[in-house]
Each structure stands twice: as C-alpha cells, then as structure tokens.
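Asks: Count along the sequence shown from 1, then add 743; that gives the number in the numbering used here. The structure's right below; bear with me while I get my questions together.
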Amino acid sequence: MPDQIMDEAPALPHVSHTRLSTWLDCPKKYEYSYVLEAEEDGTSVPLVFGSAIHEAVAAFFEGLKAKAPLILDEVHAAFERAFADEVYVAETMGCPMEWGDTNFEETVEKGQKMLACFVDKVDRDLDVMHTEYAFDVKTAEGCVLKGFMDCVVRTGENSYKIIELKTAKRTYTQDRLLYDLQPTVYIAALREIVPEADKIEFEYWLLMKTKEPDLKILPVVRNAGDLQELKDTIRGYLLGISTGAFPRRRGWLCDYCGYAKACRASCDQPQSQQAADPC
Ligand code: SF4
C-alpha cells in the first residue's frame, strides 16, 4: 500500500465527502463555503474541540505505529496544545469562538476526560499503517476524489480497516450508518489505491461527549450497490455545480449553519442591490 497517492496535475474537479455532503445538505451553503469561500459567522466550539481531539488521537496512533504508544499525559498535552492553537487562530483571524454556555477551561477538562477513556479502552495491538492518510484518486466520473483517513490498520496479509474517529453527544442512528457518504467514499478510494485488497472494512469510533465518556465502535458495511450509488451521486454533483445553481434548502440545519447571517442578509437587501447579488 503506497504511503500517499497524490495527483501531479489535479486539473479535474475535486470531490470529497464533505463537499458532497454539504452540497446534498444545502447547495447554498456549498456555494458560500466552496465557491465564494466566505468566512463563517463564528467558530463553533464543537468544531475546534473535535479537531483538537483528532490531533491528540492521531499522535496516539502514530505512537502505536512506532510501537511506542504515548502515555496519557502526552495525549493530554497534544490535545491542549492543539485546542489552544486553534482558539488563538479563530480569535485572531476575525472568526471568534462561539463559547455559548461553556468556556476554555471547561472544554479542556471535558477533552481530558474523553481522552482518558480513549487511552484506557483503545486496542494497543492495532497494526497501524497510516494516520491522517491523504488520498487523491482519479475516478471514472472525471474528477479527483480527495480526503484524509484518520487511521488505516492492517487486519490480515491483504486486508485493511479504515478507522474514523468522531466526537458525538449521541450514538449514530441506523440510517446514518446505512447511508452516510464518508465510509462509502473512503472504501471506494481505498479500493482504487489497493485494488488487490481481499477485504476493506470501515469503523466509526465514537468518543462520546456524555457525562461519563465512552468509546463506541460502530462497524459500517458497504456493498457494490452502495459504491455504484456513490458514482451516481458524484455525477449529479458534478452536473449540479457546473450549472451554478445553488438553491437554499431551508430546514433544521439552518440553526447550525455558519452562513446563516449572510444567507438571510443577502435576501433582506433592497431589490436594486439584489439584482447584482447572486441571491
Ligand atoms: S442558512 Fe440554511 S439555507 Fe442558508 S446556507 Fe445555511 S443551511 Fe443553507
């Protein structure tokens, strides 16, 4: 299995599971994020928190790969450093943290408890091949599938498992496990990278933000029909973005959308200004 697959001439459209999911959730949000590259209204604590937890877990997996697993204090230090750095960047780049009813210290304490649970429960015999594995794969649909796999482990001579760590308040629903695009995209990509693989598995590792943290391991299965459906979705996405039509999809996601203010304001402008606005 190659260390990294990087396309030398990425002139083709770039597709990732986040781009696909954002476009499916709300094309207008996709436009703000990927076409206009607009700043979000603020920086959500869960986003920065999840990213810092990821960094700490990646450091732990790297230690496993080197057969020198980090101790808990080192994992905590990696988390605190990453969290402090991201908060600093958010606050100084004009995208302030939206602390709500929490604060820096409380959030760090919560992260430390969750990571203690992770370090306690994680299987230290994992045969870690890659962490933060960047993939960059040309597809038959005429695009480049890109992303980062949190961790790829070897499970046999020619079989692999992708582990994707998430932080969550609640466990995933059956619908999400059945239809979520991330496992489908990652399995499709790894099949392209290692076509001779006998078996490719995928697991979500949910590090629960519950009062008593927990680590839940949720295996996800995808079959040939799911991979075919992904190709259909990619074709639809490529056609959709090429037309430049990005309608709003109003719904509960609007409450959590980082572009909610811009989205509303662009339609509250006088009609004379709207003529020059894509709204
Ligand atoms: S506020 Fe709602 S409709 Fe507007 S971009 Fe965000 S998700 Fe889409």
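By construction, the Cβ of each residue, glycine as well, lies at the ideal position given by its N, Cα and C atoms. The structure presented is a predicted model; accordingly, all values stated were derived computationally and were not measured.
1) Would you please state the rounded distance, in angstroms, between the beta carbons of HIS757 and CYS886? I believe it to be under 8 angstroms.
2) Apply the 10 Å Cβ neighbour rule to TRP995 and answer buried if 16 or more other Cβ atoms are within range, or exposed otherwise.
3) Output the residue ranges of the alpha helix (DSSP H) runs that lie fully inside the segment 765 to 845 and measure 4 residues or longer, sorted by chain position.
4) Measuring CB atoms only, is the segment 888 to 901 touching the segment 861 to 879, in the sense that at least three cross pairs come out at less than 8 angstroms?
5) By a C-beta neighbour count over all protein chains shown, 10 Å radius and 16 as the cutoff for buried, is SER1004 buried or exposed?
6) So THR927 and LEU981 are supposed to be a Cβ contact under 8 angstroms. How far apart are they, rounded?
7) Would you report the Cα separation of LEU973 and ILE814, rounded to the nearest angstrom?
8) Counting C-beta neighbours from all protein chains within 10 Å, is the total for LYS1023 16 or more, i.e. buried, or is it exposed?
9) In this structure, how does DSSP classify VAL862 when only helix, strand and coil are distinguished?
10) For ALA988, I'd like the list of residues in its chain whose CB is within less than 8 angstroms of its CB, leaving aside the five on either flank, ordered along the chain.
11) So what's TYR922 in DSSP terms, helix, strand or just coil?
12) So is the beta-carbon of LEU996 under 7 angstroms away from any non-hydrogen atom of the ligand SF4?
13) Answer with buried or exposed for PHE945, where buried requires no fewer than 16 other C-beta atoms within 10 angstroms of its C-beta.
14) What does the alpha-carbon distance come out to for the pair ALA795 and VAL788?
15) Taking C-alpha atoms, which residue in PRO938, PHE826, ARG965 lies nearest to GLN925?
Replies: Well, looking at it:
1) Within the sequence shown, the letter at position 14 stands for residue 757. Within the sequence shown, the letter at position 143 stands for residue 886. Sure, about 7 angstroms apart at Cβ, within 8 angstroms.
2) Locating residue 995 in the sequence shown gives position 252, counting from the first residue. Exposed is the call here.
3) 770 to 773, 788 to 808, 815 to 835
4) yes
5) For this step, residue 1004 is matched to residue 261 along the sequence shown. First, the amino acid is wrong: residue 1004 is Lys here, not Ser. Result: exposed.
6) Counting from 1 along the sequence shown, the entry for residue 927 is found at position 184. Counting from 1 along the sequence shown, the entry for residue 981 is found at position 238. No, THR927 and LEU981 are not in contact; Cβ-Cβ is about 17 angstroms, not under 8 angstroms.
7) As a first step, residue 973 is located in the sequence shown; it is residue number 230 there, counting from the start. As a first step, residue 814 is located in the sequence shown; it is residue number 71 there, counting from the start. Cα-Cα distance, rounded: 40 angstroms.
8) Residue numbering for the chain in the displayed model covers 744 to 1022; residue 1023 lies beyond these limits and cannot be assessed.
9) As a working mapping, residue 862 is identified with position 119 in the sequence shown. Helix at VAL862.
10) Within the sequence shown, numbered from 1, the residue matching residue 988 stands at position 245. Hits under 8 angstroms: PRO770.
11) Counting from 1 along the sequence shown, the entry for residue 922 is found at position 179. Helix at TYR922.
12) If you number the sequence shown from 1, residue 996 lands on position 253. The answer is yes for LEU996.
13) As a first step, residue 945 must be located in the sequence shown, where it is residue number 202. The residue in question, PHE945, is buried, as its Cβ has 16 or more Cβ neighbours within 10 Å.
14) Sequence index remark: in the sequence shown, residue 795 carries index 52 (1-based). Sequence index remark: in the sequence shown, residue 788 carries index 45 (1-based). Answer to the nearest angstrom: the Cα atoms are 11 angstroms apart.
15) Locating residue 925 in the sequence shown gives position 182, counting from the first residue. Selection PRO938, PHE826, ARG965 evaluated against GLN925 yields ARG965 as nearest (Cα-Cα).
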